[in-house]
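K.L.:
In my numbering, the protein residues as written are 361 to 647.
Glycine included, each C-beta is placed from N, C-alpha and C at the ideal position.
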Amino acid sequence: MKGVMLKRFNLTVVVEDAVSPQKKNMGLEAKHGLSIVIQQKEPRKSILMDTGQSSDTLLHNMETLGLDLEKIDAVFLSHGHYDHTGGLSVVLEKTNRHVPVIAHPDVLKPKFKATPTLRCIGLPLKRSDIELSSRFLFARNSVVIAENILTTGEIERLTPYEKPRGFWTVENDMFVEDQMKDDQALILNLPNKGLAMIVGCAHAGIINTVRHAQKLTGIKRVHAVIGGFHLNDSSEETVKATISDLAEINPDHVCPCHCTGNKPSRLLIEAFGERCNPIKTGDTLEF
């Protein structure tokens, strides 16, 4: 990224809805969903955030990009939807048995989407298989994964316009709206630069997520906001309010992808200019 002198982290987009135009000839596969590898240079640490929706696509793209699942030190699941957890089976198979899988306990809840018709969109693994594994670290609070790397934990909902809609679950034998409390993000603390936020879908709201991270860390400066902002089905008013509040936060870089949507991404580019760079499969960022 422009203007960054000391590079402490490499981020590689392993799976996203489209392939980067600069990587079209590499043979990478695009699939609806998201998976990102975060590599810290010192101390060395590799984290896999989300796994896309397909083991085959994840494994193919990892190999094509020169990444190795056997060198992953931790796995973080941003939430329990299939397009972020579908490759988990191959991750469990290929990574060392001591590698933790960090997630909110509600990733195990049944998850459905009701538009246009009812369909299951939850974690594509047996709950019993997960519960029997000691590798899973289920926590509602923030987890420090490594130096300068932590999860948000459950995100406080403050804005009036960021509400999860269209998602359903089962609680106490009742079919109810899913408030997506399992939605979390990853925080990178970049010394002298501020926070880099990596979100999966931001079902808790991208503004709620950033403000929660600022409160959690006590750091106000935001260097980058990266990932799916879940604005593709949002109203024009919600998109405008999001961009306005994000402009007030004033991040150095905005890198939308996945569920952000084409029109909201264009509006983000209009608002942030050269600071906004949408990312696709195969793209890399350095901080």
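1. Using the beta-carbon count (16 or more within 10 Å), is Met365 buried or exposed?
2. Using the beta-carbon count (16 or more within 10 Å), is Asp593 buried or exposed?
3. Kindly indicate the opening and closing residues of the beta strand (DSSP E) around Leu641.
4. Would a C-beta distance cut-off of 8 Å place Leu388 and Thr641 closer than the cut-off?
5. Quick one: measure Cβ to Cβ for Val461 and Phe496, integer angstroms, because I've assumed they're closer than 8 Å.
6. Cβ of Ile667 within 8 Å of Cβ of Val459?
7. My understanding is that Thr455 touches Leu429, with C-beta atoms under 8 Å, so please give their C-beta distance in whole angstroms.
8. Please tell me whether Gly412 and Gly447 are closer than 8 Å, where the distance is taken between their beta carbons.
9. Could you work out which residue in Asp533, Phe369 and Lys383 is closest to Arg404 when comparing CA atoms only?
10. Going by C-alpha to C-alpha distance, which of Arg635, Gly513, Ser494 and Ser415 sits closest to Pro484?
11. Verify whether the separation of the beta carbon atoms of Ala730 and Ala556 is less than 8 Å.
12. Given this structure, state the Cα-to-Cα distance separating Gly588 from Ala562, to the nearest angstrom.
13. Looking at the secondary structure, which residues open and close the beta strand (DSSP E) in which Lys401 lies?
14. Note down the Cα distance separating Lys623 from Gly513, rounded to an integer number of angstroms.
15. Report the residue ranges of all beta strand (DSSP E) runs contained in full by the segment 457 to 531; include only those spanning at least 3 residues, in chain order.
16. One question on the structure: do Ile629 and Glu376 come within less than 8 Å of each other, judged by their Cβ atoms?
17. Report buried or exposed for Met409, applying the criterion of at least 16 other Cβ atoms within 10 angstroms of its Cβ.
18. Is the distance from the Cβ of Val379 to the Cβ of Leu418 below 8 Å?
19. Given a cut-off of 8 Å, decide if Glu522 and Ile567 are closer than it, judged by their beta-carbon atoms.
20. Would you kindly report the start and end of the unbroken beta strand (DSSP E) that includes Gln411?
21. Find out if the Cβ-Cβ distance for the pair Asn501, Asn549 is shorter than 8 Å.
22. For a test of the three-state rule: what should DSSP assign to Pro624, helix, strand or coil?
23. Helix, strand or coil for Met540, going by three-state DSSP, please let me know.
24. Count the other C-beta atoms from every protein chain shown that fall within 10 angstroms of the C-beta of Gln400, then say buried if there are 16 or more, exposed otherwise.
25. Among Met422, His392, Pro611 and Val504, which has the Cα closest to the Cα of His590?
26. Over what stretch of residues does the beta strand (DSSP E) that includes Leu371 continue unbroken?
27. Contact defined as beta carbons within less than 8 Å: I believe Gln539 pairs with Pro524. What is the distance between those atoms, to the nearest angstrom?
28. Residue range of the beta strand (DSSP E) that Ile547 falls in?
29. Exposed or buried, which one is Val503 when buried takes at least 16 other CB atoms within 10 Å?
30. Are the CB atoms of His618 and Asn637 nearer to each other than 8 Å?
31. On the criterion of 16 or more Cβ atoms from any shown chain inside 10 Å, does Leu518 qualify as buried, or is it exposed?
P.N.:
According to the structure shown:
1. Here residue 365 corresponds to residue number 5 of the sequence shown, with the count starting at 1. The pLDDT assigned to Met365 is 43, lower than 50, so where the model puts this residue is not dependable, and the model offers no usable value.
2. By one-based count along the sequence shown, residue 593 stands at place 233. So Asp593 ends up on the exposed side.
3. Residue numbering aside, residue 641 sits at position 281 when the sequence shown is read from its first letter. Inspection of the sequence shows that residue 641 is occupied by Thr rather than by Leu. Counting along the chain, Thr641 falls outside any beta strand (DSSP E), and DSSP gives it neither H nor E.
4. Counting from 1 along the sequence shown, the entry for residue 388 is found at position 28. Counting from 1 along the sequence shown, the entry for residue 641 is found at position 281. Yes, the Cβ-Cβ distance between Leu388 and Thr641 is below 8 Å.
5. By 1-based counting over the sequence shown, the position of residue 461 is 101. By 1-based counting over the sequence shown, the position of residue 496 is 136. Rounded, the Cβ-Cβ distance is 5 Å, consistent with contact.
6. With the chain represented from 361 up to 647, any question about residue 667 goes unanswered, as that position is not in the structure.
7. Locating residue 455 in the sequence shown gives position 95, where the first residue counts as 1. Locating residue 429 in the sequence shown gives position 69, where the first residue counts as 1. Right, the Cβ-Cβ distance comes to about 5 Å (below 8 Å), so this counts as a contact.
8. Along the sequence shown, one-based indexing puts residue 412 at 52. Along the sequence shown, one-based indexing puts residue 447 at 87. Yes.
9. The count along the sequence shown starts at 1 and reaches residue 404 at position 44. Arg404 has its Cα closest to that of Phe369, out of Asp533, Phe369 and Lys383.
10. Walking along the sequence shown from the start, residue 484 turns up at place 124. Of Arg635, Gly513, Ser494 and Ser415, the residue nearest in Cα terms is Ser415.
11. With the chain covering 361 to 647 only, the question about residue 730 has no answer from this structure.
12. By one-based count along the sequence shown, residue 588 stands at place 228. By one-based count along the sequence shown, residue 562 stands at place 202. CA-CA distance, Gly588 to Ala562, rounds to 6 Å.
13. Indexing the sequence shown from 1 puts residue 401 at position 41. Segment Ser395 to Lys401, the beta strand (DSSP E) holding Lys401.
14. Mapped onto the sequence shown, residue 623 falls at position 263. Mapped onto the sequence shown, residue 513 falls at position 153. Taking the straight line joining both Cα atoms gives about 30 Å.
15. 461 to 463, 496 to 498, 504 to 506, 509 to 511 and 527 to 531
16. On the sequence shown, residue 629 is found 269 positions in, with the first residue counted as 1. On the sequence shown, residue 376 is found 16 positions in, with the first residue counted as 1. Against a cut-off of 8 Å, the Cβ pair of Glu376 and Ile629 comes out as no contact.
17. One-based indexing of the sequence shown puts residue 409 at position 49. It counts as buried.
18. Translated into positions along the sequence shown, residue 379 becomes position 19. Translated into positions along the sequence shown, residue 418 becomes position 58. No.
19. Here residue 567 refers to the residue found at position 207 of the sequence shown. Here residue 522 refers to the residue found at position 162 of the sequence shown. A contact, by the Cβ cut-off of 8 Å.
20. What you label residue 411 is simply residue 51 of the sequence shown in a count that begins at 1. This sequence places Thr at residue 411; Gln is not what is there. Element bounds for Thr411: n/a, residue is neither H nor E.
21. Here residue 501 refers to the residue found at position 141 when the sequence shown is read from its first residue. Here residue 549 refers to the residue found at position 189 when the sequence shown is read from its first residue. In this structure, Asn549 does not lie closer than 8 Å to Asn501 by Cβ.
22. Taking the sequence shown and counting its residues from 1, the one referred to as residue 624 is at position 264. Pro624 falls in the helix class under three-state DSSP.
23. Residue numbering aside, residue 540 sits at position 180 when the sequence shown is read from its first letter. It is coil, neither helix nor strand.
24. As a position in the sequence shown, residue 400 is number 40, starting the count at 1. By the neighbour-count rule (16 or more Cβ atoms within 10 Å), Gln400 is buried.
25. Here the question's residue 590 lines up with position 230 in the sequence shown. Put simply, of Met422, His392, Pro611 and Val504 the residue whose alpha carbon is nearest the alpha carbon of His590 is His392.
26. As a working mapping, residue 371 is identified with position 11 in the sequence shown. Element bounds for Leu371: Phe369 to Val375.
27. Taking the first residue of the sequence shown as 1, we reach residue 539 at position 179. Taking the first residue of the sequence shown as 1, we reach residue 524 at position 164. Indeed, because the Cβ distance is near 6 Å, the residues count as touching under 8 Å.
28. Translated into positions along the sequence shown, residue 547 becomes position 187. Taken as a continuous stretch (DSSP letters only), the beta strand (DSSP E) holding Ile547 covers Ala545 to Leu550.
29. Taking the sequence shown and counting its residues from 1, the one referred to as residue 503 is at position 143. Buried, because 16 or more other Cβ atoms sit within 10 Å of the Cβ of Val503.
30. Numbered from its first residue, the sequence shown carries residue 618 at position 258. Numbered from its first residue, the sequence shown carries residue 637 at position 277. Contact flag unset, no.
31. Residue 518 sits at position 158 when you count from the first residue of the sequence shown. With fewer than 16 Cβ atoms within 10 Å of its Cβ, Leu518 is classed as exposed.
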